[in-house]
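Notes to accompany the following structure.
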Amino acid sequence: VGDVIEAEITKISEGESSDILLSRLNTLKKDNYLKFKENNPLETNVEAKVIRVIEGKGYILNNGVIDMFMSVKDLKTPLAKGDLVAVKLIAYDDNKQNAYVSRYAVIREERQHAYEERQRAHEEYVAKKEAEHQEYVKEREEEYKTFHVGDKVHGTVCRIVPYGAFVKFDKVQGLIRLKDVDHQFIKSAADILHVGDELDCLVVNTDNGKLELSRKALLKTPYQLYREAHDVSDTVKGHVINKMPFGVLVELDKNVTGLLHKSEFSWNPNDNLMASLLIGDEIEVSIIRFDDANEKIGLSRKPLIDNPWSRVETSVGSKVTGKITGVKENGFVVSLLGVDGFLPFNAIDGGEKKLKATDLYQVSDDVNCIVTEFNPKKWILNLSEKAYKAQEEREQYENYMQNEDEAQATTLGDIFKDQLK
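Going left to right, the sequence shown walks through residues 5 to 425 as my numbering numbers them.
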């Protein structure tokens, strides 16, 4: 009682009492509007409830203090009466004591805020990853310094690539090039290695910050494995894989070859190595030499075949007897001492020409000769029937002369026998 209030006259009744009807509703509404406007400047977000839908125009919202109008064009999704939405104050109407609001402005602001939040989170993530990367790079560089050429290291295959395989250690990865995976030829590292395989390898290069490794360097070569299983003089089999002017290359095992020099093919120097062997032929040979420094193997057929010339005991000038077994263009083939010798036609007395020689001797005839040339290494035994006859005649003459001398000496002795007494 006694308070001063402001009210609006709404009705005056005529009569004896002349009552005046007052109302504070409009005054309170105005006061509430002004207080709300003062406390909520434009661009402020508020929550309000849809209290009426105006078809084709918009929505009337109320936040419990003032009414607000929102255009139907402000959002794509229709609202229904009773929906509670967040809106932004965009204008005040002092005459109507209400406000104009926008839902789209809030949505746009929320999107912008979400974008900025994502951007901030992304920047924090990038900064974190960059810091982790820098730490990783530092640790990797420190680990890289521990690798030296010639070191034996143990790692895990982490990636197969067309040109080799990557091996991971802690922070450092090294590359095994395709040629350094194995001694045998492979088309892909996956033929031998698989992701997850643990293996030992040798550091072969650390230049330019790159780590190059070799698995092959720690493996025994096919030659070394073959060498461990064989000794000089072993008899082995192989296949001819290449023919060269000086011999043939024989594959003894996978990625293991040996050289059969033409001089080791046969005891007979006249045997034709190239004509006797074809690519792919299987051949039995004896190992005569290992060259460990160059990983080469020397082979020979000679120890596996008989050499009749090693048993021939004769010399130039010796008398021999043989059997004619063949006729050549310029002489006879004569079998003697277990080998074949050669008797030229011009070394036959009276048989300088083939026609005359074949009249004198036939195949299977025995013939006496003198050895005129003997080289068992080259399988050469040349004969001369003419020299044999000449020597026979000379020996007969010498015997005759010796007998004559003895006869003359006896006769003179007899003559002077009595006088010398």
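For every residue, glycine included, the Cβ atom is placed at its ideal position computed from N, Cα and C.
Comparing C-alpha distances from residue 237 to each of 220, 303, 270 shows the shortest one belongs to 303. Within the model, the alpha-carbon separation for residue 365 versus residue 234 is close to 54 angstroms. A residue is called buried when at least 16 other Cβ atoms come within 10 angstroms of its Cβ; residue 103 meets this threshold and is buried.
DSSP places residue 176 outside both helix and strand once states are collapsed to three, so it counts as coil. The beta carbon of residue 69 sits closer than 6 angstroms to those of 36, 40, all from its chain and outside the five residues before and after it, given in chain order.
Between residue 343 and residue 385 the beta-carbon gap is near 6 angstroms, inside 8 angstroms, which marks them as a contact. For residue 230, same chain residues with a beta-carbon under 6 angstroms away, outside a window of 5 residues either side, are 257, 260 in chain order.
Spatial neighbours of residue 254 in its own chain (CB-CB distance under 8 angstroms, excluding positions within 5 residues in sequence) are listed in chain order as 242, 243, 244, 245, 261, 262, 263, 264, 287, 289, 303. In the three-state DSSP reduction, residue 163 falls in the strand class (E or B).
Looking from the CA of residue 50, the closest CA among 274, 88, 221, 63 belongs to 88. By alpha-carbon distance to residue 368, the top candidate from 30, 401, 149, 337 is 337. The three-state secondary structure of residue 365, taken from DSSP, is coil.
With fewer than three CB-CB distances shorter than 8 angstroms, the segment 201-208 does not count as touching the segment 266-274.
Looking only at 173, 353, 193, the smallest Cα-Cα distance to residue 180 is reached by 193. Between residue 240 and residue 185, the alpha-carbon positions lie close to 29 angstroms from each other.
Residue 302 carries a strand assignment under DSSP once its states are collapsed to helix, strand and coil. Residue 267 carries a helical assignment under DSSP once its states are collapsed to helix, strand and coil. In this structure, the beta-carbon distance from residue 324 to residue 308 does not fall below 8 angstroms.
Residue 253: member of the beta strand (DSSP E) spanning 251-257, first to last residue. Cβ-Cβ separation between residue 53 and residue 66: approximately 6 angstroms, consistent with a contact (criterion under 8 angstroms). Excluding its 5 nearest sequence neighbours in each direction, residue 188 has C-beta neighbours in its own chain below 8 angstroms: 226, 258, 259, listed in chain order. Pairing residue 361 with residue 391 gives a Cβ-Cβ distance that is not under 8 angstroms. Residue 165 and residue 222 have their C-alpha atoms some 21 angstroms from each other. Collapsing the DSSP output to three states places residue 31 in a helix. Cβ-Cβ separation between residue 163 and residue 170: approximately 4 angstroms, consistent with a contact (criterion under 8 angstroms).
Shown here, residue 343 sits in a strand according to DSSP, grouped into three states. Annotated three-state conformation of residue 348 is strand, per DSSP.
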